[in-house]
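Visitor: If you read the sequence shown in my numbering, its first letter stands for residue 1455, the second for the next number, and so on.
For each residue, glycine too, the CB sits at the ideal point set by N, CA and C.
Computed from a prediction, not measured in an experiment: that's the story for all the values here.
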Amino acid sequence: MEVTLPLNRATTKATTGFGAAKTVLRSKWSVLAVAGCSKSSNFFHEFQMEEIFVLKETGDTNSLNTPRDLFAQAEKINISHDQEHCIIFYLDSRGMILDQEVLFKGGLNACLIDPKVIFKNALLHNSSSLAMAHNHPSGNLKPSDADYRILRKLEDAGRILQIEIRDFLIFNKTQFYSCVCDEAGQ
């Protein structure tokens, strides 16, 4: 699917109704070409424009809609699997990744996670929701009591701040388990 946007409106609204061009570019679209145009084209006859962006869907999205999407994004982050790492994904209202970071590192079987730090950063990123993924160096995907306690704390704080916890994923080198969806996969 191709979409053509006038450059002079690229920072406001896409003429095809997909929303702000910034959002379109940040999600699953990439710039393919820039073509000069000295006068209004027939397609955009109501606009005076200098240049046209041609965008094409790439199929590579930064959205987290399923536990498998979250696992795929977590796998891309270079972490050592001999200690626990907590990765936070800050998301917009459509589940698009605004930012991601390894926020906490722990030892062999534990990681101290502070909800205040997570939500401070979520507010700074203007997140509508967030997802958390952390590895278990043992390879065991079964959530511990501490995992469930921190998930409840995050959900409680998220309700107050109106920031949804989309997922709380436990993963190892090849598999994952979603505490929110109660779903396992590879």
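Pairs of beta-carbons, one from the region 1586-1593 and one from the region 1529-1542, closer than 8 Å: are there three or more?
Guide: Yes: the two stretches touch, three or more of their Cβ pairs being nearer than 8 Å.
Visitor: Check whether the region 1605-1623 touches the region 1566-1574, taking contact to mean three or more Cβ pairs, one atom from each stretch, closer than 8 Å.
Guide: They touch, by the three-pair rule.
Visitor: Do you know offhand how far ASN1519's Cα is from LEU1577's?
Guide: For the purposes of this step, residue 1519 is taken as residue 65 along the sequence shown, with counting starting at 1. For the purposes of this step, residue 1577 is taken as residue 123 along the sequence shown, with counting starting at 1. Whole-angstrom Cα-Cα distance: 21 Å.
Visitor: Cα separation between SER1481 and MET1550?
Guide: Counted from its first residue, the sequence shown places residue 1481 at position 27. Counted from its first residue, the sequence shown places residue 1550 at position 96. Confidence at SER1481 is low in this model, with a pLDDT of 35, below 50, so its placement is unreliable and no value can be given for it.
Visitor: With DSSP collapsed to three states, give me the class of GLY1612.
Guide: To locate residue 1612, count along the sequence shown from 1; it is residue 158. If DSSP states are grouped into helix, strand and coil, GLY1612 belongs with the helices.
Visitor: Am I right that PHE1630 and LEU1595 are in contact with their C-beta atoms under 8 Å? What's the rounded C-beta distance?
Guide: Along the sequence shown, read from residue 1 onward, the residue named residue 1630 stands at position 176. Along the sequence shown, read from residue 1 onward, the residue named residue 1595 stands at position 141. With a Cβ gap of about 7 Å, PHE1630 and LEU1595 count as contacting.
Visitor: My parser needs the alpha helix (DSSP H) runs of 4 or more residues fully inside the region 1519-1553; what are they?
Guide: 1521-1530, all fully within the region 1519-1553.
Visitor: Starting from the C-beta of PRO1521, find all residues in its chain whose C-beta is less than 7 Å away, skip the five residues before and the five after it, and write them out in chain order.
Guide: Residue 1521 sits at position 67 when you count from the first residue of the sequence shown. The residues are ASP1621, LEU1623, PHE1630, SER1632, CYS1635, GLU1637 and GLY1639.
Visitor: Throw me the rounded Cβ distance for the LYS1607 and HIS1535 pair, which I believe falls under 8 Å.
Guide: Along the sequence shown, one-based indexing puts residue 1607 at 153. Along the sequence shown, one-based indexing puts residue 1535 at 81. With a Cβ gap of about 25 Å, LYS1607 and HIS1535 do not count as contacting.
Visitor: So, using beta-carbon positions, are GLU1555 and ASN1532 closer together than 9 Å?
Guide: As a first step, residue 1555 is located in the sequence shown; it is residue number 101 there, counting from the start. As a first step, residue 1532 is located in the sequence shown; it is residue number 78 there, counting from the start. Not a contact, by the Cβ cut-off of 9 Å.
Visitor: Please classify ALA1475 as buried or exposed, where buried requires at least 16 other C-beta atoms within 10 Å of its C-beta.
Guide: Taking the sequence shown and counting its residues from 1, the one referred to as residue 1475 is at position 21. The pLDDT assigned to ALA1475 is 37, lower than 50, so where the model puts this residue is not dependable, and the model offers no usable value.
Visitor: Considering only residues of the region 1568-1606, which uninterrupted alpha helix (DSSP H) runs meet the minimum length of 4 residues and lie entirely inside it, listed in chain order?
Guide: Taking only runs of at least 4 residues, the alpha helix (DSSP H) segments lying wholly in the region 1568-1606 are 1569-1578.
Visitor: Report all residues from its chain with a CB closer than 8 Å to the CB of HIS1579; omit the five preceding and five following residues, and keep chain order.
Guide: If you number the sequence shown from 1, residue 1579 lands on position 125. These residues qualify, in order along the chain: TYR1544, LEU1552 and ASP1553.
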